[in-house]
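Chains as they are written, first to last, in our numbering: chain Y, 1 to 372; chain U, 373 to 744.
Built from N, CA and C at the ideal position, the CB exists for glycine as well.
Protein chains: 2
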Amino acid sequence: MVDTSISKAAPAQVRIDLGERSYSIVIGTGLLNDAATWQGLPRAAQAVIVTNDRVAPLYGERVVRALSGYYPTVHTVVLPDGEQHKTWQSLNRIFDALLQQGCDRKTMLFALGGGVVGDMTGFAAACYMRGVPFVQVPTTLLAQVDSSVGGKTAINHPLGKNMIGAFYQPLKVVCDLDVLKSLPGRELSAGLAEVIKYGPIHDLAFLDWLEKHMEELRRCEPTALAYAVQRSCEIKAEVVGQDERESGLRAILNFGHTFGHAIEAGLGYGEWLHGEAVGCGMVMAATLSHRMGILSDSGVERLRALIQRAGLPVVGPRLAEDNPSRYLELMRVDKKAEAGEIRFVLVDDAGQAHVRSAPDALVAEVINACCD
Amino acid sequence: MVDTSISKAAPAQVRIDLGERSYSIVIGTGLLNDAATWQGLPRAAQAVIVTNDRVAPLYGERVVRALSGYYPTVHTVVLPDGEQHKTWQSLNRIFDALLQQGCDRKTMLFALGGGVVGDMTGFAAACYMRGVPFVQVPTTLLAQVDSSVGGKTAINHPLGKNMIGAFYQPLKVVCDLDVLKSLPGRELSAGLAEVIKYGPIHDLAFLDWLEKHMEELRRCEPTALAYAVQRSCEIKAEVVGQDERESGLRAILNFGHTFGHAIEAGLGYGEWLHGEAVGCGMVMAATLSHRMGILSDSGVERLRALIQRAGLPVVGPRLAEDNPSRYLELMRVDKKAEAGEIRFVLVDDAGQAHVRSAPDALVAEVINACCD
Numbered sequence: 001m002v003d004t005s006i007s008k009a010a011p012a013q014v015r016i017d018l019g020e021r022s023y024s025i026v027i028g029t030g031l032l033n034d035a036a037t038w039q040g041l042p043r044a045a046q047a048v049i050v051t052n053d054r055v056a057p058l059y060g061e062r063v064v065r066a067l068s069g070y071y072p073t074v075h076t077v078v079l080p081d082g083e084q085h086k087t088w089q090s091l092n093r094i095f096d097a098l099l100q101q102g103c104d105r106k107t108m109l110f111a112l113g114g115g116v117v118g119d120m121t122g123f124a125a126a127c128y129m130r131g132v133p134f135v136q137v138p139t140t141l142l143a144q145v146d147s148s149v150g151g152k153t154a155i156n157h158p159l160g161k162n163m164i165g166a167f168y169q170p171l172k173v174v175c176d177l178d179v180l181k182s183l184p185g186r187e188l189s190a191g192l193a194e195v196i197k198y199g200p201i202h203d204l205a206f207l208d209w210l211e212k213h214m215e216e217l218r219r220c221e222p223t224a225l226a227y228a229v230q231r232s233c234e235i236k237a238e239v240v241g242q243d244e245r246e247s248g249l250r251a252i253l254n255f256g257h258t259f260g261h262a263i264e265a266g267l268g269y270g271e272w273l274h275g276e277a278v279g280c281g282m283v284m285a286a287t288l289s290h291r292m293g294i295l296s297d298s299g300v301e302r303l304r305a306l307i308q309r310a311g312l313p314v315v316g317p318r319l320a321e322d323n324p325s326r327y328l329e330l331m332r333v334d335k336k337a338e339a340g341e342i343r344f345v346l347v348d349d350a351g352q353a354h355v356r357s358a359p360d361a362l363v364a365e366v367i368n369a370c371c372d
Numbered sequence: 373m374v375d376t377s378i379s380k381a382a383p384a385q386v387r388i389d390l391g392e393r394s395y396s397i398v399i400g401t402g403l404l405n406d407a408a409t410w411q412g413l414p415r416a417a418q419a420v421i422v423t424n425d426r427v428a429p430l431y432g433e434r435v436v437r438a439l440s441g442y443y444p445t446v447h448t449v450v451l452p453d454g455e456q457h458k459t460w461q462s463l464n465r466i467f468d469a470l471l472q473q474g475c476d477r478k479t480m481l482f483a484l485g486g487g488v489v490g491d492m493t494g495f496a497a498a499c500y501m502r503g504v505p506f507v508q509v510p511t512t513l514l515a516q517v518d519s520s521v522g523g524k525t526a527i528n529h530p531l532g533k534n535m536i537g538a539f540y541q542p543l544k545v546v547c548d549l550d551v552l553k554s555l556p557g558r559e560l561s562a563g564l565a566e567v568i569k570y571g572p573i574h575d576l577a578f579l580d581w582l583e584k585h586m587e588e589l590r591r592c593e594p595t596a597l598a599y600a601v602q603r604s605c606e607i608k609a610e611v612v613g614q615d616e617r618e619s620g621l622r623a624i625l626n627f628g629h630t631f632g633h634a635i636e637a638g639l640g641y642g643e644w645l646h647g648e649a650v651g652c653g654m655v656m657a658a659t660l661s662h663r664m665g666i667l668s669d670s671g672v673e674r675l676r677a678l679i680q681r682a683g684l685p686v687v688g689p690r691l692a693e694d695n696p697s698r699y700l701e702l703m704r705v706d707k708k709a710e711a712g713e714i715r716f717v718l719v720d721d722a723g724q725a726h727v728r729s730a731p732d733a734l735v736a737e738v739i740n741a742c743c744d
C-alpha cells in the first residue's frame, strides 16, 4: 500500500527580496486546500476574496473554506470575466463591497483569478484606505509566471491599457498547479509564451530544459510545470530586483511584446490571446536580431521551433495592404516608444538581451519575411 | 531710494527627509512669479497644472507663464471647486486630459489650489502610468500647513471620505504667502486652527509665539505667516517622519479632530468649515484632558482664549435632544475608531500628546459643558 501522504512533494518557494516588502511565491500542487498555505499571514477581522464569474464556481468555495479557519468573516466579490471589465466600474465594485462590509485597514484581500483579477485586486488593495495587504492566487499559467513578480497593478482607461495603476507588492503569491488543469489548451499555450521568453533573454540553460520538457508542460505534468513556473519567477525576480520602478533593465522582459502589441492592436484586442501575439512577436524579434547581426540563423530557428511546439502561432497576421507600414505605425504609438522611436528588445547567441532601435527599412523586411 | 530687490527676504525652506523621496517646502512671498521657484525641477515635454474654477482666474495665468520657461507645453485642467467634487469623476477628468494630450511618464503635474485640488492631483500623479512626478502649490493656509507634509492623497467615495487614495510624496511644495491675501477671513481662521494645533501637542514655545503674534497672522503679515507655516510644517514633519505610513504616533496630529469630525458630520459637511470644527474640537479635547487629570484648568483656558482670538468658534453646536449620545454615536463610527472604541488625542501641561480612550460618562460631561 502506498502512503500518498508522503508522495506529495513539498512546495517550491521563490523569495522576492524587496527589503521590508519582501514576499514568497509558493509553487506546488494541492495548495488551495492545504492549511499550511494560509498560515502565517497577518490576522484580521475580515478577508475578502476577489474573483471572476469563471473562476468562482471552480475554486471560490474551496478558498472561502480554507480562509474561514483564519478570518472570522470571509466575503467574496465576483467580477465579470474578461479584459473589457478591467475598468474603474469593476474596481469600484470592490470598493463598494469593502465599504459596505465595514472593512478596515487590516482587511486582507485575496486575488483569485487570472491577470485581470490580479491587476484589479492589487490596485484596489493599493488604494483602499491608502493601502491594505493582499495575496495573489493566480489561476492561469500566464498570471503565475508574469503577475507574480513585479508589483504592477492597474486598470484600463478608455484611452489606453493599464494607464491607471500602482506599483504595489503582495504579501504572498500562491501558485497552485492543479488549477492549470482546468485551463483551455489555448490559454495554457499562451502562458507558455511568457515562460519561453525567459530563456533567450537571460538563461540559455532554461531554453535547453524547455526543449526537453515541452510535451510534459503541455500535458500539465506537475513536476515540469513547477520547475517552469519557479524558474520563470526567479528570472523575472532577478531582472525586476535590479529595476523595481521600471527605469531601464526591466524593458528586456518585453521581448516579443513590441511586435506582439502591434498584432493585438491591429487585429483588435481579444482576437489573438496576448501570449499568442507575444509568441509570434518573439519569432519576429529574433528575426530582427538576426538581421541586426547579433543572433545566428540557427538561434532564430531554434526559438521558432520551440514556440511552434508550445502550440503558438509563428507566422504574423497581415494587418493591411501595406503591411510593414501598419506594423510600424502601431509600434510607434506603443506606451514603451519614446518620442516616436521604437525600442526593440533583441537577443543574441549568448542569451543576452539588448534594447535597441532599428532602421525602418530593416524592420519592414522582417515584417515581410515573418507575415502571411 | 530703496533697492527693493534686496528688501525681499529669501524664502524659508523646510526639508522633508524621506530618503530618496525627500523634498523641500519653500515658504515666502512672490514665489509664483519668481523664476527661482521653478528652477531645478526635472524637465519634461509637458507640464499640467490642475486647479479649480475659483483659483484659476486668480493665479492660473501667472503659473502657466512661469512654467512656460521650463516646459515646452503647459496644459491646465480646471476642476469645479469644493469637497463635493473630490470624486472619481473629477479624478478621471485629470486622466482624460493627460491621455488626450499624450502625456508620458515624465510629465510634471502641479496642484494649484487648496486641499481638495492637492489631494486629487497627488492621487492622479500616484496612479497615472503608475506614478508621475508632482509639485504642490497650496493656495490656502490650511493646505499650506496640513497637506504640505505627509504624502496623503485621496478622493472620497460615496460611502466615506478619503477612502480611496495613496501615500505619495511631491517633488516640492511651494507656499506663496501672497496668495493668502485673497482668502476669505473665515478660511484664514480655519487654517489657523491647524496651526494652533501644533503648539499643545508638541511645542509650548510655539504656543507662546502664537499668543504674541495672532493679530499679525489675522492681518496676513508675511513675516508672521512665514514663521507660522514653517514651524507647523517642521512639527508635522517631525511627527510624520517617525511614522510615514500612519501606524501610531501620527495619530496625535488628530488633536481636536475626533470631536471636530462629529461636529462636521452632525451638522452636515460644509455647514462649519473643517478648521472651525477642529478649533472647537480642540477646546473639547482640552476640556476632556483636564477631566482626565492631565491638563490644568489654566491650560484649557489658555487654549480656548487663543482659539477665540483666531476667529474660531469655542462653543460646540447642539446636534440632538440627547446631545452627548449623538456626539458619542458619531465619534464611534469615525474611521479612526477601532472596534467601536473612540481614541481621543489628549494633551498635558508639558506640551505632550497622548492617545487614550475615556469613559463615556466623562465624555458626556465634557460635551454638556462645552456645547450650547
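query	result
ALA369 of chain Y, buried or exposed, once every other Cβ within 10 Å from all chains shown has been counted against 16	exposed
Proximity winner among Y:ALA124, Y:ASP297, Y:VAL314 and Y:PHE259, relative to GLN169 of chain Y (alpha-carbon distances)	Y:ALA124
Rounded separation between LEU192 of chain Y and GLU301 of chain Y - CA only	18 angstroms
Minimum Cβ-Cβ distance from MET373 of chain U to chain Y less than 9 angstroms	Any reading at MET373 of chain U must be qualified, since the residue scores a pLDDT of 39, below 50, and its modelled position is unreliable; no value is offered.
The region 498-509 of chain U / the region 468-477 of chain U touching (three or more Cβ pairs under 8 angstroms)	yes
Inter-stretch contact (C-beta, 8 angstroms, three-pair minimum) for the region 348-359 of chain Y and the region 309-326 of chain Y	no
Closest residue to ASP425 of chain U among U:GLY441, U:LEU439, U:VAL450 and U:ALA417 (Cα-Cα distance)	U:VAL450
Under 7 angstroms (Cβ pairs) to chain Y, residues found in the region 533-544 of chain U	MET535, ILE536, GLY537, ALA538 and PHE539
Interface flag, GLY494 of chain U vs chain B, CB-CB below 9 angstroms	Absence of chain B from the displayed structure is noted, the protein chains being Y and U.
Cα-Cα separation, GLY486 of chain U to ALA515 of chain U	5 angstroms
Alpha-carbon spacing of SER232 of chain Y relative to TYR59 of chain Y, whole angstroms	25 angstroms
MET480 of chain U versus LYS553 of chain U: straight-line alpha-carbon distance, rounded	27 angstroms
Contacts of LYS152 of chain Y in chain U (Cβ-Cβ under 8 angstroms)	ARG502
DSSP state of ILE164 of chain Y mapped onto helix, strand, coil	strand
Below-9 angstroms beta-carbon distance, ALA126 of chain Y vs any chain U residue	yes
Cβ-based burial, ASN33 of chain Y [other Cβ within 10 Å; buried from 16]	exposed
Contact belief for LEU576 of chain U with ILE527 of chain U at Cβ below 8 angstroms, rounded distance in angstroms	That belief does not hold up - the Cβ atoms of LEU576 of chain U and ILE527 of chain U are roughly 37 angstroms apart, past 8 angstroms.
Distance CB(ALA417 of chain U)-CB(LEU439 of chain U) smaller than 9 angstroms	no
For ALA262 of chain Y and GLY311 of chain Y, the rounded distance between their alpha carbons	20 angstroms
Contacts of HIS157 of chain Y in chain U (Cβ-Cβ under 7 angstroms)	PHE467 and LEU471
Residues within the region 444-467 of chain U neighbouring chain Y, beta-carbon criterion of under 8 angstroms	TRP460, ASN464 and PHE467
Whether VAL521 of chain U touches VAL398 of chain U by CB criterion (9 angstroms)	no
Simplified DSSP assignment, three categories, for LYS544 of chain U	strand
Reduced DSSP category for ARG434 of chain U - H, G, I as helix; E, B as strand; rest coil	helix
Exposed unless 16 or more other CB atoms sit within 10 angstroms - verdict on SER661 of chain U	buried
Inter-residue Cα distance where the pair is ALA483 of chain U and LEU225 of chain Y	49 angstroms
ASP694 of chain U, buried or exposed, once every other Cβ within 10 Å from all chains shown has been counted against 16	exposed
7 angstroms Cβ shell around ARG105 of chain Y - same chain, five flanking residues per side excluded	MET129 and VAL132
Distance between beta carbons of LEU328 of chain Y and VAL363 of chain Y, contact taken as under 8 angstroms	6 angstroms
Closest residue to MET654 of chain U among U:LEU413, U:GLY642, U:ILE679 and U:PRO556 (Cα-Cα distance)	U:ILE679
Start-end ranges of the beta strand (DSSP E) lying completely within the region 298-355 of chain Y, minimum 3 residues	344-347
Short Cβ contact (9 angstroms threshold) for THR401 of chain U with THR423 of chain U	no
Straight-line Cα distance separating TRP581 of chain U from GLY151 of chain Y	47 angstroms
Exposed unless 16 or more other CB atoms sit within 10 angstroms - verdict on GLY299 of chain Y	buried
Proximity of MET664 of chain U and ILE739 of chain U at Cβ, strictly below 9 angstroms	no
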